[in-house]
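A short worksheet on the structure shown next.
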Amino acid sequence: MSTAGLEPQDVVGPLIRPRRLRRTPALRRLVGETQVHASQLVLPMFVREGLSEPAPIPSMPGVVQHSRDSLRAAVAEAAALGLGGVMLFGIPLVKDATGSGAVDPAGILNLAINDVVAEVGESLTVMSDLCLDEFTDHGHCGLLSTDGQVDNDKTLAAYAEMALAHAEAGVDMVAPSGMMDGQVEVIRHALDAAEFSGVSILAYSAKYASAFYGPFRDAVNSTLEGDRSTYQQDPANAREGVREALLDVAQGADIVMVKPALAYLDVVRRVREAVDVPVAAYNISGEYAMVEAAAAHGWIDRDAAVLETLMSIRRAGADVILTYWAADAARLLAR
Ligand code: PBG
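If you're matching positions, the sequence shown starts at 0 in numbering that gives the first Met the number 0 and goes up one per residue.
Now the structure itself:
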């Protein structure tokens, strides 16, 4: 009697060949698990008070601070490309301690929302960054108490006012990004009380204190000294990111966001599995700048790297991606 047991050729049968499904482009397309569509992409855009021509942002080659006119033209193009939306950031001429330009109906962001909605109507979802950092002279996302700390609850009142200003200007979706506790709840109540219950909230829920925001600080002429570690999250904490997202859903967030994207793909995945609302991820300025800088040196294939980056964020579980490549990616995807 043989005691040798089965030889390998007896047990494995035909060799299992995953490569069969990679043989042709059509097969690969057929079995692709993840897709990136223009409709899932949101283009963040900067508009600066007082500009008559767009101004390039050196650390973000290809991205500009728009004038009001150039913004209108660019959003019309975004709509024609079939993007999901635009996220507007305003840069006022004058910053002050309370960020008063943020709530002024004639403040740059409120005017820009109005312009953009007039230009694109309902063909594009118009979103606004709801935060004070572009408007305050100290550069923090909130109001300071006398000891120089960011005062959570005083800031909430300012956010409520800002939400109403954006809603009056016609925005579809406000995006609170200041990481104050309770911001979604306060904004939801303010909107509902003013009969803006149709304005939705995209919450920057799990927003980390990240070094990758560097180029953005140029983009909005930030005056911040120090950092945002007392309100933005510690990069060590993934479980806490899920907690923040769940809190925002409970407070009425329509979409929750993880930011940055690439160094936090595990958080994107965990949040996707924990909530039943759409999940967004913000492919931020530093992530953009790294790829553009390497591509400018000829060190990577830019277009391929862009599409692979967006695919990775979708694969991690994001339904929506905010990316400075939104328009370019839409063109690449249409090829
Ligand atoms: C706050 C805000 C920031 C970004 C988006 N909203 C800056 C910050 O939190 O420091 C960063 C976006 C990017 O880096 O691309 N208004």
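Glycine is no exception: its CB is placed at the ideal position from the N, C-alpha and C atoms.
Because the structure is a prediction, the values reported are computed rather than measured.
Opposing strand residues paired with residue i [DSSP bridges]
| i | result |
| --- | --- |
| residue 90 | 47 |
| residue 206 | 258 |
| residue 199 | 172 |
| residue 131 | Beta-bridge pairing links residue 131 to no other residue. |
| residue 126 | 86, 172 |
| residue 319 | 279 |
| residue 232 | 207 |
heavy atom of the ligand PBG below 7 Å from residue i C-beta
| i | result |
| --- | --- |
| residue 207 | no |
| residue 212 | yes |
| residue 227 | yes |
| residue 247 | no |
| residue 284 | yes |
| residue 337 | Outside the shown range of the chain (0 to 334) lies residue 337, about which nothing can therefore be said. |
| residue 253 | no |
| residue 327 | no |
| residue 215 | yes |
| residue 114 | no |
Straight-line Cα distance separating residue j from residue i
| i | j | result |
| --- | --- | --- |
| residue 312 | residue 264 | 7 Å |
| residue 224 | residue 136 | 10 Å |
| residue 144 | residue 35 | 44 Å |
| residue 115 | residue 104 | 15 Å |
| residue 207 | residue 257 | 8 Å |
| residue 47 | residue 95 | 16 Å |
| residue 182 | residue 272 | 23 Å |
| residue 390 | residue 191 | For residue 390 there is no data in the structure shown, the boundaries of the chain being 0 and 334. |
| residue 175 | residue 184 | 11 Å |
| residue 317 | residue 217 | 27 Å |
| residue 285 | residue 31 | 29 Å |
| residue 161 | residue 267 | 28 Å |
| residue 14 | residue 314 | 29 Å |
| residue 98 | residue 87 | 17 Å |
| residue 108 | residue 45 | 9 Å |
| residue 71 | residue 111 | 8 Å |
| residue 189 | residue 81 | 32 Å |
Residue i CB to nearest heavy atom of the ligand ATP below 7 Å
| i | result |
| --- | --- |
| residue 133 | The model on display carries the ligand PBG but not the ligand ATP. |
Open item on the list: My parser needs the beta strand (DSSP E) runs of 3 or more residues fully inside the stretch 21–72; what are they?
Closed with: 40–47, 63–65
Open item on the list: Runs of 4 residues minimum, wholly inside the stretch 139–171: which ones carry the alpha helix (DSSP H) assignment?
Closed with: 151–168
Task: Length at least 3, wholly inside the stretch 262–302: the beta strand (DSSP E) runs in chain order - done: 278–282
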